[in-house]
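Enquirer:
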Amino acid sequence: MGGSQTEPEDELGTSASRRSGAQATEHEHLTTVFPMLRAENLTRIFRSGNEEVVVFENLNLEIRQGEFVALTGESGSGKTTLLHLLAALDTPTRGEVYFFGERLGGFDVERRAQYRNRKVGFVWQLHHLLSEFSALENVMMPGLIGGMDFHHVQARARELLDEAGLGQAAGRRVGELSGGERQRVALVRALMNRPLLLLADEPTGSLDARSAERVAALLQKLHRDHGLTSVLATHNAELARRADHALRLADGTLTETVAPGAR
Ligand SMILES: Nc1ncnc2c1ncn2[C@@H]1O[C@H](COP(=O)(O)OP(=O)(O)OP(=O)(O)O)[C@@H](O)[C@H]1O
Ligand SMILES: [Mg+2]
């Protein structure tokens with residue numbers, strides 16, 4: 154695994170785009186051959202008691218490195234379910250998700266944890282930050298849990314908060330931040346461990362229009378500057394407009410819709 158632990162000074166000294174390339178090189182030879190993510194005949198059925206909820210069956214999907222994909226669909230259509238499967242937070246009933254051609258289902262416990270913690274950054278509708286801790290401490294958390302050097306983690310967290318326009322708020326407790334500011338903190342926290350893939354579940358869902366617009370703009374900027382591949386579930390047309398592709402989930406099928414702002 155490309156090492157923030159092993160080469161902290163190198164990573165600190167390089168530009169944002171080159172840093173994000175640190176993990177990318179590991180997969181460089183694969184990206185021309187395989188899409189970053191491929192879902193094949195993906196099926197998720199929930200069973201509780203005698204009841205069966207078929208969320209979707211035989212879903213197929215390909216996401217190539219660098220793409221910015223908006224996932225839309227009505228409430229209950231399965232957006233969160235799909236994101237959880239792509240993040241290996243859940244296991245499909247049938248079918249497979251491939252990451253650069255490798256089956257997530259074939260990963261052992263350790264590789265699965267590594268995939269979730271190092272390859273994927275996840276942002277939820279509600280920020281899931283620790284409200285008693287400062288913005289800076291929250292952004293540092295995934296790095297410290299990952300065993301990275303404290304000073305390196307702290308410097309990176311400051312840099313990320315600056316990128317989110319929150320440099321001044323770094324020392325403030327999350328409980329003292331606005332909803333939009335919290336969501337921006339949650340966004341950069343997801344980038345602490347330099348993921349390749351950013352999955353966001355209605356990141357603007359609980360925000361007013363103006364804060365949502367700022368979060369959407371930050372998402373787009375981070376996507377570009379960090380060389381990310383991003384998949385966002387959203388009801389927000391403004392956010393969907395910023396994507397390269399818009400996919401719509403309805404009645405268990407996924408269809409490509411032309412993004413309103415398609416270039
Ligand atoms: N753990 C579970 N057990 C049983 N049913 C579930 C479970 N999780 C989700 N579901 C069902 O699966 C369907 C899809 O849910 P999901 O949360 O993926 O939808 P969604 O598109 O994210 O909706 P929203 O826009 O409201 O967030 C729903 O009918 C939901 O009730
Ligand atoms: Mg959802």
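When we follow this note's numbering, the leftmost residue of the sequence shown carries the number 154, and every step to the right adds one. Cβ atoms here follow ideal geometry from the backbone N, Cα and C, with glycine treated the same way. This structure is a prediction, so every number in the text was calculated from the model and none was measured.
Measuring only the C-alpha atoms, how far is Leu371 from Val338?
Expert: As a first step, residue 371 must be located in the sequence shown, where it is residue number 218. As a first step, residue 338 must be located in the sequence shown, where it is residue number 185. Roughly 11 Å separates the two Cα atoms.
Enquirer: Spatial neighbours of Gly174 within its chain, please: C-beta separation below 7 Å, excluding the five flanking residues on both sides.
Expert: As a first step, residue 174 is located in the sequence shown; it is residue number 21 there, counting from the start. Since pLDDT at Gly174 reaches only 46, below the 50 mark, its modelled position is unreliable, and the value read off the structure follows with that caveat. Hits under 7 Å: Gly380.
Enquirer: Does DSSP put Ala175 in a helix, in a strand, or in coil?
Expert: Residue numbering aside, residue 175 sits at position 22 when the sequence shown is read from its first letter. Confidence at Ala175 is low in this model, with a pLDDT of 46, below 50, so the placement of that residue is unreliable and no value is reported for it.
Enquirer: Is there contact between the region 231 to 244 and the region 185 to 205, where contact requires at least three CB pairs shorter than 8 Å?
Expert: yes
Enquirer: Let me know if Val327 comes out buried or exposed under the rule of 16 or more other beta-carbons within 10 Å of its beta-carbon.
Expert: In the sequence shown, the residue the question calls residue 327 occupies position 174. Val327 comes out buried.
Enquirer: Taking DSSP's pairing of strands, which residues face Glu255 in a bridge?
Expert: Residue 255 sits at position 102 when you count from the first residue of the sequence shown. In DSSP, Glu255 forms a bridge with Phe252.
Enquirer: With which residues is Ser284 paired in a DSSP beta bridge?
Expert: Residue mapping note: residue 284 aligns to position 131 of the sequence shown, counting from 1. Answer is none; Ser284 lacks a bridge partner.
Enquirer: Under a three-way DSSP split, which group does Asn346 fall into?
Expert: The residue you call residue 346 lines up with position 193 of the sequence shown. If DSSP states are grouped into helix, strand and coil, Asn346 belongs with coil.
Enquirer: Look at the alpha carbon of Val262 and the alpha carbon of Thr225, and state the distance between them as a whole number of angstroms.
Expert: Within the sequence shown, numbered from 1, the residue matching residue 262 stands at position 109. Within the sequence shown, numbered from 1, the residue matching residue 225 stands at position 72. Going by the C-alpha atoms only, they are around 31 Å apart.
Enquirer: Tell me which residues share the same chain as Ser230 and place their Cβ nearer than 7 Å to its Cβ, disregarding the 5 neighbours each side in the sequence.
Expert: Walking along the sequence shown from the start, residue 230 turns up at place 77. Excluding sequence neighbours, Ser230 sits near Leu402, Ala403.
Enquirer: Taking 7 Å as the limit between beta carbons, can you name the residues of its chain near Glu210, skipping five residues before and five after?
Expert: The sequence position of residue 210 within the sequence shown is 57, counting from 1. Counting only Cβ-Cβ distances below 7 Å, and skipping sequence neighbours, we find Thr196, Gly405.
Enquirer: With ligand 1 as the reference, list in chain order each residue whose Cβ lies under 5 Å from any of its heavy atoms.
Expert: Phe199, Val206, Val208, Ser228, Gly229, Ser230, Gly231, Lys232, Thr233, Thr234
Enquirer: Does at least one heavy atom of ligand 2 sit under 8 Å from the Cβ of Glu355?
Expert: Sequence index remark: in the sequence shown, residue 355 carries index 202 (1-based). Because some heavy atom of ligand 2 lies under 8 Å away, the Cβ of Glu355 counts as near it: yes.
Enquirer: Relative to the C-alpha of Asp361, which candidate in Thr387, Gly332, His388 has its C-alpha closest?
Expert: Counted from its first residue, the sequence shown places residue 361 at position 208. Ranking Thr387, Gly332, His388 by Cα distance to Asp361 puts Gly332 first.
Enquirer: On the criterion of 16 or more Cβ atoms from any shown chain inside 10 Å, does Thr357 qualify as buried, or is it exposed?
Expert: Here residue 357 is taken as the residue at index 204 of the sequence shown, counted from 1. Classification of Thr357: buried, given that the 10 Å Cβ count is 16 or more.
Enquirer: Buried or exposed for Arg309, please, with buried defined as at least 16 other CB atoms from any protein chain shown within 10 angstroms of its CB.
Expert: On the sequence shown, residue 309 is found 156 positions in, with the first residue counted as 1. So Arg309 ends up on the buried side.
Enquirer: Among Val273, Leu392, Glu391, Val186, which residue has its Cα nearest to the Cα of Met345?
Expert: Numbered from 1 along the sequence shown, position 192 holds the residue referred to as residue 345. That would be Val273, whose Cα lies nearest to the Cα of Met345.
Enquirer: Between the region 281 to 290 and the region 318 to 325, are three or more C-beta pairs nearer than 8 Å?
Expert: Short answer: they touch.
Enquirer: Taking C-alpha atoms, which residue in Glu316, Pro348, Glu334, Val384 lies nearest to Arg363?
Expert: Translated into the one-based positions of the sequence shown, residue 363 becomes position 210. Checking every option, the nearest Cα to that of Arg363 belongs to Glu334.
Enquirer: I'd like to confirm something about Ala396: is its beta-carbon nearer than 8 Å to some heavy atom of ligand 2, or not?
Expert: Within the sequence shown, the letter at position 243 stands for residue 396. For Ala396, the CB stays at least 8 Å from every heavy atom of ligand 2.
Enquirer: I'd like the span of the alpha helix (DSSP H) that includes Phe303, first residue to last.
Expert: Here residue 303 refers to the residue found at position 150 when the sequence shown is read from its first residue. In this chain, the alpha helix (DSSP H) harbouring Phe303 covers 303 to 316.
Enquirer: Please name the residue, chosen from Asp354, Met293, Gly248, that lies closest to Glu193 on a Cα-to-Cα basis.
Expert: Translated into positions along the sequence shown, residue 193 becomes position 40. Of the candidates Asp354, Met293, Gly248, the one whose C-alpha sits nearest the C-alpha of Glu193 is Gly248.
Enquirer: Which term fits Asn389, buried or exposed, when burial requires 16 or more other beta carbons within 10 angstroms of its beta carbon?
Expert: Position 236 of the sequence shown holds residue 389. Buried.
Enquirer: I want to check one thing, is the minimum distance from the CB of Ala386 to the heavy atoms of ligand 2 below 8 Å?
Expert: Numbered from its first residue, the sequence shown carries residue 386 at position 233. Indeed, a heavy atom of ligand 2 lies less than 8 Å from the Cβ.
Enquirer: Starting from Thr408, follow the beta strand (DSSP E) in both directions and report where the run begins and ends.
Expert: Within the sequence shown, the letter at position 255 stands for residue 408. Per DSSP, Thr408 belongs to the beta strand (DSSP E) from 406 to 410.
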